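Below: the structure, in structure tokens.
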Amino acid sequence: MTKRIPYGRQSIDQSDIDSVINVLKSDWLTTGPMVDRFESSIKNYIGCREAVSVNSGTSALDIAIKSLGIKEGNQIITTPFTFVASSNAILYNNLTPVFSDIEKETRNLDPLKIEEKITDKTKAILYVDYAGHPCNIKEIKEIADQYGLYLIEDACHALGAEYQNKKVGNFADVTIFSFHPVKPITTGEGGAVATNNDEIAGKLRILRDHGIDRDSYRNKNKTSWGYDLIELGRNYRITDLQAALGVSQFKKLDEFISRRNEIAAIYNDELGDVDQLEIPHVKKDCKSGWHIYTILINGKNRNKFYSMMEEQGVGVNIHYIPVYHHTYYKSRFNISTKDFPVTEDVFNRIVTLPLFYNMSDEQIDTVINTTKKSLKMLN
Ligand SMILES: *Cc1c(COP(=O)(O)O)cnc(C)c1O
Numbered sequence: 056m057t058k059r060i061p062y063g064r065q066s067i068d069q070s071d072i073d074s075v076i077n078v079l080k081s082d083w084l085t086t087g088p089m090v091d092r093f094e095s096s097i098k099n100y101i102g103c104r105e106a107v108s109v110n111s112g113t114s115a116l117d118i119a120i121k122s123l124g125i126k127e128g129n130q131i132i133t134t135p136f137t138f139v140a141s142s143n144a145i146l147y148n149n150l151t152p153v154f155s156d157i158e159k160e161t162r163n164l165d166p167l168k169i170e171e172k173i174t175d176k177t178k179a180i181l182y183v184d185y186a187g188h189p190c191n192i193k194e195i196k197e198i199a200d201q202y203g204l205y206l207i208e209d210a211c212h213a214l215g216a217e218y219q220n221k222k223v224g225n226f227a228d229v230t231i232f233s234f235h236p237v238k239p240i241t242t243g244e245g246g247a248v249a250t251n252n253d254e255i256a257g258k259l260r261i262l263r264d265h266g267i268d269r270d271s272y273r274n275k276n277k278t279s280w281g282y283d284l285i286e287l288g289r290n291y292r293i294t295d296l297q298a299a300l301g302v303s304q305f306k307k308l309d310e311f312i313s314r315r316n317e318i319a320a321i322y323n324d325e326l327g328d329v330d331q332l333e334i335p336h337v338k339k340d341c342k343s344g345w346h347i348y349t350i351l352i353n354g355k356n357r358n359k360f361y362s363m364m365e366e367q368g369v370g371v372n373i374h375y376i377p378v379y380h381h382t383y384y385k386s387r388f389n390i391s392t393k394d395f396p397v398t399e400d401v402f403n404r405i406v407t408l409p410l411f412y413n414m415s416d417e418q419i420d421t422v423i424n425t426t427k428k429s430l431k432m433l434n
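Numbering (the numbering used here), first residue to last: 56 to 434.
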């Protein structure tokens, strides 16, 4: 039997392994020089002023929101069609997520539906670049400017993606990345916040290190040992082992993204005229990072299609169960699925097909043929 094709996986080569081993032999396992080098890699790649790396994308979301200083009890508008971490981070900060419906083609927040969700408690919009496809950032920014809202970009899927020929990471007040193994590059676990605001970056560095301020305290008090806890932060620091893997992975990011684009183009070509499904859409001012490739199955046979693919050894997935479907959210918020017709329709029909850098041409063919064959057998 041929091996099951996973829906996503990391690509690690000898240079990644060497990079980590060198750190193990060095003096610094954490808060060492590799963390600075990793942050430089992020800054150089994106072209942003500051990057603060942490131990996960979720931690990055948490302190990114915290760094904006929004008073507890206020609201942030966000998408329900995401991984739970996006809105959990809003809750960590004692703020309320207000969900707004998505557009079908990209599964991103629909800018036309945001304004009706705005109240006098709304302080920010947290948008997710689903599958690595940037949101309609211009439209979202116009709304944010008009109402004086912060912009938080969950770009955990979208490292390397571009909007109007500029890298994601340069648009929102804070942009969040994840380096989990299925994401564009990996550090095992890891995350980062990119920002063009030095003051926010300073706060992020304090928040990831318990809330401790060293530099300005030592300068002011002319000591080399003092430090001061100025707010309640966390230990969200990333290790040098992880940072070293990140530095090495960054060198291959462009190659990763171009292969992902190649695979998505093959899928689009081969599946575009199959009338039992809809392929994803890329807008003309966007370059997608193709974190995942998702199709919509026409009709009501998605679950059957899913099982058939799995039975034939093709690892599929569902991204995502709408956040408001989860027990915890249901217990805290009174949300009617009727308010999210597009999210519900997409959720009921969506399937993620395998897409990762090391996929062989043969595996791509297998995914395409198995998809076509399964759809035929459905009818
Ligand atoms: C992966 C992911 C996160 C969380 O990142 P971790 O590094 O796993 O904590 C948050 N938001 C989205 C959209 C993600 O895909």
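A virtual CB, placed ideally from N, CA and C, is assigned to each residue, including glycine.
All values reported here derive from a predicted model rather than from experimental measurement.
To the nearest angstrom, report how far apart S343 and G215 are at their CA atoms. Within the model, the alpha-carbon separation for S343 versus G215 is close to 8 Å.
Nearer than 6 Å: is that true of the beta carbon of H374 relative to any heavy atom of ligand 1? Checking the Cβ of H374 against ligand 1 gives no.
Pull up the CB-CB distance for V248 and I267, whole angstroms please, since I reckon it's below 8 Å. Contact flag wrong, Cβ pair sits at about 18 Å.
Can you give me the Cβ contacts of V229 inside the same chain, cut-off strictly under 6 Å, excluding the 5 residues immediately before and after it? When the five nearest sequence neighbours on each side are left out, the beta carbons in the same chain lying within less than 6 Å of the beta carbon of V229 are those of A119, I207, V248, T250, in order along the chain.
contact_flag[the segment 110-128, the segment 83-102] where n(CB pairs < 8 Å) is 3 or more: Between the segment 110-128 and the segment 83-102 there are fewer than three C-beta pairs closer than 8 Å, too few to call the two in contact.
According to DSSP, is S233 part of a helix, a strand, or is it coil? The DSSP-derived three-state label of S233 is strand.
Between C190 and ligand 1, is there a pair consisting of the residue's CB and a ligand heavy atom that are separated by less than 6 Å? Closer than 6 Å to some heavy atom of ligand 1: that does not describe the Cβ of C190.
Let me know the alpha helix (DSSP H) ranges lying completely inside the segment 384-422, each 4 residues or longer, listed in chain order. The segment 384-422 contains these whole alpha helix (DSSP H) runs: 396-404.
Spatial distance of P135 from F402 (CA atoms): So the alpha carbons of these two residues sit roughly 11 Å apart.
Please determine, among Y383, E160, D324, Q130, the residue with the shortest C-alpha to C-alpha distance to K338. Of Y383, E160, D324, Q130, the residue nearest in Cα terms is E160.
Where does K58 land, buried or exposed, given buried means 16+ other C-beta within 10 angstroms? Under this definition K58 is an exposed residue.
Residue closest to E194, alpha-carbon to alpha-carbon, out of N129, N323, T407, D340: Ranked by Cα distance from E194, the options N129, N323, T407, D340 are led by D340.
Mind checking which residues open and close the alpha helix (DSSP H) that includes S114? For S114, the uninterrupted alpha helix (DSSP H) segment begins and ends at 112-121.
According to DSSP, simplified to helix, strand and coil, what is A249? Strand, per DSSP.
Restricting to Cα atoms, I'd like to know which of S81, K168, Y322 is closest to D416. The shortest C-alpha separation from D416 is found at Y322.
Let me know the secondary structure DSSP gives S108 once reduced to three states. DSSP places S108 in strand when its eight states are reduced to three.
Can you give me the C-alpha to C-alpha distance between L436 and N191, rounded to a whole angstrom? Because the chain here runs from 56 to 434, residue 436 falls outside it and cannot be looked at.
Proximity winner among I318, E254, Y202, relative to K176 (alpha-carbon distances): With distances taken between Cα atoms, K176 lies closest to Y202.
Unbroken alpha helix (DSSP H) runs of length 4 or more, entirely within the segment 276-309: which are they? DSSP runs (the alpha helix (DSSP H)) wholly in the segment 276-309: 295-305.
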